[in-house]
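Enquirer: Residue numbers (our numbering), protein chains in the order written: chain A, 1 to 322; chain B, 1001 to 1191.
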Amino acid sequence: MKKIFIYIIVVVLGLLILVIILGDFMSGEIKDKANNPYAYEFDEFKAVDPSMIKFKEARRIGLNIEGPKAIDVKNDLIAIAYKDHLQVIDSSGLERINMPIKGPLTAVSFSPEGALYLACQNYVLVLSPEGKTIDRWEDFGEKTLITAIAFKDTVTFLADAGNRQVIRLNTKGEILDSFDGTGRLDGNYGFILPSPYFDLEVDPDNQLWVVNSGLLKVENYTDDGAVRAFWGKPSFEIEGFTGCCNPAHIAIMEDGSFVTSEKGLTRIKVYKPSGELDCVVAAPDDFEGDSEPADIAVDENGKIYVLDITSGKIRIFERNII
Amino acid sequence: MEKSPENKANKRREFIRSTARLTLAIGIGGVSGLALSKSTKEEWVWQIDPFECTQCGRCAEECVLTPSAVKCVHAFDLCGYCDLCGGYFKPGVIDLHTGAENQLCPTAAIKRDFIEEPFFEYTIDEDLCIGCGKCVKGCSAFGNGSLHLQIRHDLCLNCNQCTIARLCPSDAITRAPASKPYNFKGDFTKS
């Protein structure tokens, strides 16, 4: 009788231990709990008035190499710089060039003549339209981080985020001079770059535009670095830019309109040449979760090429025809 | 040959002596080995990988300590010293002033100081910080991620099984060697 009593106690205790262990395991399901009382909420700013969206996504091109970084477009050719590859495809998706490059690649641009200029962190490779190496420009310094390349007549501009400066080069890749964005004016802050998003473009009127992303402004400079004009205002609303460093990328259309791509609130917008908001190309909801800011390019027909880094696709947007 | 009782007794004594010597040697060796292993063996502590952390808010709620041993730390060498700081201001603020209604931190644990135009410095009051990661999320989304969460070892009890490590949805909390107990951003980078 006494033995049976002991057996019962042992079994009950065993079951109790089993229940505790199972309960402990089950409580691991709390991992899937969605409620976060400390959630950072900014969904209300993701919503975009549908009447503001005047572009539609016409096509998507899937990329077969991982790690796309930058894009440029010219004459039906799309150049994509990956971490350690260059790929050129035509608008039908047919691959023209696929070559490994000792990276990391940080920017790619077609010159007006169709040559390919590749920024590999602190040096530049010049390739023929067929992908043959023509030149290699070095000696920009160890700290240099080239994030954009643009051309004006015989001058090449490099955006150097590492040293927060714009470098001017001649056709041989020799440094002519550089400027830091202070515009030679007392009280101007110069280029403020909390993160390495530093883009520049030359517009159809041969004007140099540089993104001062820390100030949330797009600034116009003379060739020798005097600031001439700027636009852009800080705001969470659709008209402005927010966060530490926006716009992350710009492209300029044939009519002088600016296309901007932002980080944080991942969205693509078009601003008139005056800097006034024209319309929205892609709203934050068009991108997956916490997407990286998409690099952008525009072609001669006004199509906008969005390099969706997170999904690994090129998304081509066309203006709605009314 | 017949064994004498004297011989038998001698052999028994010899056996006992040998066994005692062996036991003593094993004991001394064992204790020395244990002491040596204790002195050279790496100690381990719990730490957060800031590149895996998704700022889910559990660090604030699940730590056995109240407030949590998880605190926000600031990598000043990475910070942009922004005026419009995503880790300090609530989304959508109109004026960039330090009024409570503008502050993102639920316990006002971040202090904003003017340095020079247009730069501001942000420091964490760890006594107020509860490790919720709200500022970290804002800084990661709109800034460059200089704010990040770390387990403070002057507070952490180093539980055998860390509760928040078990519940962390991104498995960002793992054991780290006590000789390198922090994964500070800036010093600690991943490509």
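Virtual Cβ for every residue (Gly too), placed ideally from N, Cα, C.
1) Do you know whose CA, among B:ASP1083, B:ASP1127, B:ALA1172 and B:ARG1017, lies nearest PRO1118 (chain B)'s CA?
2) Tell me whether ASP160 (chain A) is buried or exposed, calling it buried when 16 or more other Cβ atoms sit within 10 Å of its Cβ.
3) Report, in whole angstroms, the separation of the C-beta atoms of GLY264 (chain A) and GLY232 (chain A), which I expect to be a contact under 8 Å.
4) The stretch 1135-1158 of chain B: which residues have C-beta closer than 9 Å to a C-beta of chain A, in chain order?
5) Can you check the stretch 1034-1095 of chain B for any alpha helix (DSSP H) of at least 4 residues that lies completely inside it and give the ranges in chain order?
6) Assign MET99 (chain A) to one of two classes, buried (16 or more other C-beta atoms within 10 Å of its C-beta) or exposed (fewer than that).
7) For PRO234 (chain A), go through chain B and note every residue whose CB falls closer than 9 Å to its CB, in chain order.
8) Can you pull the chain A residues whose beta carbon is under 9 Å from the beta carbon of ALA1060 (chain B), in chain order?
9) Where GLU1006 (chain B) and GLY1033 (chain B) are concerned, what is the direct C-alpha to C-alpha distance, given to the nearest angstrom?
10) Measuring only the C-alpha atoms, how far is GLY312 (chain A) from HIS1148 (chain B)?
11) Assuming GLN165 (chain A) contacts ASP180 (chain A) under a Cβ cut-off of 8 Å, what Cβ separation, rounded to an integer in Å, is found between them?
12) Below 9 Å on C-beta distance, what does GLY1080 (chain B) contact in chain A?
13) Quick one: does PHE55 (chain A) have its CB under 8 Å from some CB of chain B?
14) Pull up the distance between the alpha-carbon of VAL1093 (chain B) and that of CYS1139 (chain B), whole angstroms please.
15) Where do the ends of the beta strand (DSSP E) carrying ILE97 (chain A) lie?
16) What residues of chain B sit near PHE45 (chain A), judged by a beta carbon separation below 8 Å?
17) Using 8 Å as the cut-off, can you tell me whether the stretch 210-223 of chain A makes contact with the stretch 185-197 of chain A, which would need three or more C-beta pairs spanning the two stretches below that distance?
18) Note down the Cα distance separating ILE20 (chain A) from ASN1160 (chain B), rounded to an integer number of angstroms.
19) Within the 8 Å Cβ cut-off, does ASP255 (chain A) reach chain B?
20) Assign ASP139 (chain A) to one of three DSSP states: helix, strand, or coil.
21) Whole angstroms is fine: what's the gap from PHE230 (chain A)'s alpha carbon to GLU219 (chain A)'s?
22) Quick check on the DSSP output: the alpha helix (DSSP H) that includes PHE1141 (chain B) runs from which residue to which?
23) Could you check which residue in B:SER1004, B:ARG1017, B:LYS1090 and B:ILE1048 has the C-alpha nearest to that of CYS1168 (chain B)?
24) Please go through the same chain and pick out, in chain order, the residues whose beta-carbon is closer than 6 Å to the beta-carbon of THR1174 (chain B), but skip the five residues on each side of it.
25) With a Cβ-Cβ cutoff of 8 Å, do LYS54 (chain A) and ASN320 (chain A) count as a contact?
26) Check the Cβ-Cβ distances between GLY1133 (chain B) and every residue of chain A, and say whether any is below 8 Å.
27) Given that CYS1056 (chain B) touches chain A, what residues does it touch there, using C-beta distances under 7 Å?
28) PRO1067 (chain B) CB to nearest chain A CB: under 8 Å?
29) Who does ARG324 (chain A) pair with in a DSSP beta bridge?
30) If you count every other CB in all the chains shown that lies within 10 Å of the CB of TYR1081 (chain B), and 16 or more means buried, which is it?
31) Less than 8 Å between the CB atoms is what I'm expecting for ILE314 (chain A) and LEU63 (chain A), so what's the real figure, rounded?
32) Residues of chain B with a CB under 7 Å from the CB of ASP290 (chain A): which are they?
33) What in chain E is Cβ-close to PRO1106 (chain B), meaning under 8 Å?
34) For PRO129 (chain A), which residues in the same chain have their Cβ closer than 6 Å to its Cβ, ignoring the five residues on either side in sequence?
35) Among A:ARG60, A:THR222, A:LEU94 and A:LEU116, whose alpha-carbon lies nearest the alpha-carbon of ASP135 (chain A)?
36) Quick check on ASP72 (chain A): does DSSP put it in helix, strand or coil?
Expert: Answer, in terms of the structure:
1) Indexing the second sequence from 1 puts residue 1118 (chain B) at position 118. When only C-alpha atoms are compared, the closest one is B:ASP1083.
2) Position 160 of the first sequence holds residue 160 (chain A). Flag for ASP160 (chain A) reads buried.
3) For the purposes of this step, residue 264 (chain A) is taken as the residue at position 264 of the first sequence. For the purposes of this step, residue 232 (chain A) is taken as the residue at position 232 of the first sequence. That belief does not hold up - the Cβ atoms of GLY264 (chain A) and GLY232 (chain A) are roughly 15 Å apart, past 8 Å.
4) CYS1135, VAL1136, LYS1137, GLY1138, CYS1139, SER1140, ALA1141, PHE1142, GLY1143, ASN1144, GLY1145 and SER1146
5) 1058-1062
6) Translated into the one-based positions of the first sequence, residue 99 (chain A) becomes position 99. So MET99 (chain A) counts as exposed.
7) Counted from its first residue, the first sequence places residue 234 (chain A) at position 234. By Cβ distance, chain B contributes ASP1083, LEU1084 and LEU1096.
8) As a working mapping, residue 1060 (chain B) is identified with position 60 in the second sequence. Near ALA1060 (chain B) (Cβ distances below 9 Å), the residues of chain A are PRO37 and TYR38.
9) Here residue 1006 (chain B) corresponds to residue number 6 of the second sequence, with the count starting at 1. Here residue 1033 (chain B) corresponds to residue number 33 of the second sequence, with the count starting at 1. Taking the straight line joining both Cα atoms gives about 40 Å.
10) Counting from one through the first sequence, the residue named residue 312 (chain A) turns up at place 312. Counting from one through the second sequence, the residue named residue 1148 (chain B) turns up at place 148. Their backbone Cα atoms lie some 28 Å apart in a straight line.
11) In the first sequence, residue 165 (chain A) corresponds to position 165, counting from 1. In the first sequence, residue 180 (chain A) corresponds to position 180, counting from 1. Sure, about 5 Å apart at Cβ, within 8 Å.
12) Within the second sequence, residue 1080 (chain B) is the residue found at index 80, counting from 1. Neighbours of GLY1080 (chain B) on chain A, chain order: ILE192, LEU193, PRO194, SER195, GLY214, CYS244 and CYS245.
13) By 1-based counting over the first sequence, the position of residue 55 (chain A) is 55. Closer than 8 Å: no.
14) Stepping through the second sequence from its first residue, residue 1093 (chain B) is reached at position 93. Stepping through the second sequence from its first residue, residue 1139 (chain B) is reached at position 139. Taking the straight line joining both Cα atoms gives about 15 Å.
15) Here residue 97 (chain A) corresponds to residue number 97 of the first sequence, with the count starting at 1. Looking at the DSSP string, the run of the beta strand (DSSP E) that includes ILE97 (chain A) is 95-100.
16) Against the first sequence, residue 45 (chain A) aligns to sequence position 45. Here the neighbours are PRO1091 and GLY1092.
17) yes
18) Sequence index remark: in the first sequence, residue 20 (chain A) carries index 20 (1-based). Sequence index remark: in the second sequence, residue 1160 (chain B) carries index 160 (1-based). Rounded to whole angstroms, ILE20 (chain A) to ASN1160 (chain B) spans 18 Å at the Cα level.
19) Residue numbering aside, residue 255 (chain A) sits at position 255 when the first sequence is read from its first letter. Closer than 8 Å: no.
20) For the purposes of this step, residue 139 (chain A) is identified with residue 139 of the first sequence, where counting begins at 1. Coil.
21) Sequence index remark: in the first sequence, residue 230 (chain A) carries index 230 (1-based). Sequence index remark: in the first sequence, residue 219 (chain A) carries index 219 (1-based). If you take the alpha carbons of PHE230 (chain A) and GLU219 (chain A), they lie about 4 Å apart.
22) As a first step, residue 1141 (chain B) is located in the second sequence; it is residue number 141 there, counting from the start. The amino acid occupying residue 1141 (chain B) in the given sequence is Ala; Phe does not appear at that position. Counting along the chain, the alpha helix (DSSP H) containing ALA1141 (chain B) begins and ends at 1134-1142.
23) For this step, residue 1168 (chain B) is matched to residue 168 along the second sequence. Of the candidates B:SER1004, B:ARG1017, B:LYS1090 and B:ILE1048, the one whose C-alpha sits nearest the C-alpha of CYS1168 (chain B) is B:ILE1048.
24) As a position in the second sequence, residue 1174 (chain B) is number 174, starting the count at 1. Closer than 6 Å at the Cβ level, and outside the excluded window around THR1174 (chain B), lies no residue.
25) On the first sequence, residue 54 (chain A) is found 54 positions in, with the first residue counted as 1. On the first sequence, residue 320 (chain A) is found 320 positions in, with the first residue counted as 1. In this structure, ASN320 (chain A) lies closer than 8 Å to LYS54 (chain A) by Cβ.
26) Counted from its first residue, the second sequence places residue 1133 (chain B) at position 133. Closer than 8 Å: yes.
27) By 1-based counting over the second sequence, the position of residue 1056 (chain B) is 56. The answer, in chain order, is ASN36.
28) Position 67 of the second sequence holds residue 1067 (chain B). No - not a single Cβ of chain A is within 8 Å of the one on PRO1067 (chain B).
29) Outside the displayed span of chain A (1 to 322) sits residue 324 (chain A), for which this structure offers no information.
30) Working through the second sequence from its first residue, we reach residue 1081 (chain B) at position 81. Flag for TYR1081 (chain B) reads buried.
31) For this step, residue 314 (chain A) is matched to residue 314 along the first sequence. For this step, residue 63 (chain A) is matched to residue 63 along the first sequence. Confirmed, about 7 Å.
32) One-based indexing of the first sequence puts residue 290 (chain A) at position 290. Those within 7 Å of ASP290 (chain A) in chain B are ALA1141.
33) The structure shown has no chain E; the protein chains it does contain are A and B.
34) Residue mapping note: residue 129 (chain A) aligns to position 129 of the first sequence, counting from 1. So the list reads GLY114, once near-sequence residues are dropped.
35) For this step, residue 135 (chain A) is matched to residue 135 along the first sequence. Out of A:ARG60, A:THR222, A:LEU94 and A:LEU116, A:LEU116 has the C-alpha closest to the C-alpha of ASP135 (chain A).
36) In the first sequence, residue 72 (chain A) corresponds to position 72, counting from 1. In this structure, ASP72 (chain A) counts as strand in the three-state DSSP scheme.
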